[in-house]
Amino acid sequence: MHQVEANALREQLAQLEKSVEQEMALNMELQQRQTEQEKLLAQRDDVSSQLQEVNHANSRLLEQVTELGQEKDKLQQELEETRKTADKRQAMLDELAIDVAQEKSRHKEELSDVRLQHEKESPEALSLSVRNLEDKASGPCIVTQP
Numbered sequence: 001m002h003q004v005e006a007n008a009l010r011e012q013l014a015q016l017e018k019s020v021e022q023e024m025a026l027n028m029e030l031q032q033r034q035t036e037q038e039k040l041l042a043q044r045d046d047v048s049s050q051l052q053e054v055n056h057a058n059s060r061l062l063e064q065v066t067e068l069g070q071e072k073d074k075l076q077q078e079l080e081e082t083r084k085t086a087d088k089r090q091a092m093l094d095e096l097a098i099d100v101a102q103e104k105s106r107h108k109e110e111l112s113d114v115r116l117q118h119e120k121e122s123p124e125a126l127s128l129s130v131r132n133l134e135d136k137a138s139g140p141c142i143v144t145q146p
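The following block contains the structure:
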């Protein structure tokens, strides 16, 4: 019976050694997985930080784009107002040019009329009138708006 007990003890010892080896292997695997998990957690933290930075940068860019859009709209409105003002001024200048041309034409007609009268009247009296009208026609023209 000694032999049977010895065999049983050897068998139990072999199983115990096998169990110890399995436990050691499992402990090593557990350590590897824990190390891997720690690395993954560190990577996750890094990615999370990067994501926060990207989100913050995107927010700043969105603010800048919004501000630029508002500035663009303001500048377009100012440009439109400036164009309207320029168009009004051009129209006023065109009207003024027409008025000046009409006034000059009227002065020339008056001068022609005076010259005709001059031929009919005395040379001295009309000479003075002609000089006055010539001065008017050649001098600065003042246009009065109705």
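Residue 1 is where the sequence shown starts when you use the UniProt record's numbering, and the numbers rise one by one after that.
Each residue gets a CB set at the ideal place from its N, CA and C atoms; glycine is no exception.
Fair warning: this is a prediction, and the values are worked out from it, not measured in the lab.
Less than 8 Å between the CB atoms is what I'm expecting for L111 and E134, so what's the real figure, rounded? Here residue 111 refers to the residue found at position 111 when the sequence shown is read from its first residue. Here residue 134 refers to the residue found at position 134 when the sequence shown is read from its first residue. About 7 Å separates the two Cβ atoms, so the contact holds.
The alpha helix (DSSP H) that contains M92, what's its start and end? Numbered from 1 along the sequence shown, position 92 holds the residue referred to as residue 92. Here the alpha helix (DSSP H) through M92 covers H2 to K120.
Is E134 helix, strand or coil when you go by DSSP? On the sequence shown, position 134 is the one that residue 134 refers to. It is helical.
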